[in-house]
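Working notes for the structure below.
This is the structure we're talking about:
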């Protein structure tokens, strides 16, 4: 039986503590590559503090901060499942 997005999200979230522990283990591991350690550290920071705004040039050389906005569109019956 196909799982709904809500069920998949719930299942993934149930593994949050283990996933963070793995990331911390990689970050602290002296045998992990520097790239793996930085990647794990960035993933931890992103989850704890959110992604940092990114500066971009707007054509005339000035920098602007761009914030990422996500919109998730779901089926109406899935929204009702989340509410109940």
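Residue numbers (my numbering): 553 to 636. Quick reminder that beta carbons are idealized off the backbone N, C-alpha and C, glycines included.
Contacting residues, own chain, Cβ-Cβ under 6 Å from residue i (five flanking each side not counted)
i: residue 585; result: none
i: residue 581; result: none
Buried versus exposed, by CB contacts within 10 Å (16 or more), residue i
i: residue 574; result: exposed
i: residue 636; result: Caution is warranted here: a pLDDT of 48 is assigned to residue 636, below 50, making its placement in the model unreliable, and the coordinate value is therefore given only provisionally. So residue 636 ends up on the exposed side.
i: residue 592; result: buried
Residue i vs residue j beta-carbon contact at 8 Å
i: residue 576; j: residue 589; result: no
i: residue 572; j: residue 596; result: yes
Contact set for residue i: own chain, Cβ-Cβ below 8 Å, skip 5 residues either direction
i: residue 563; result: 555
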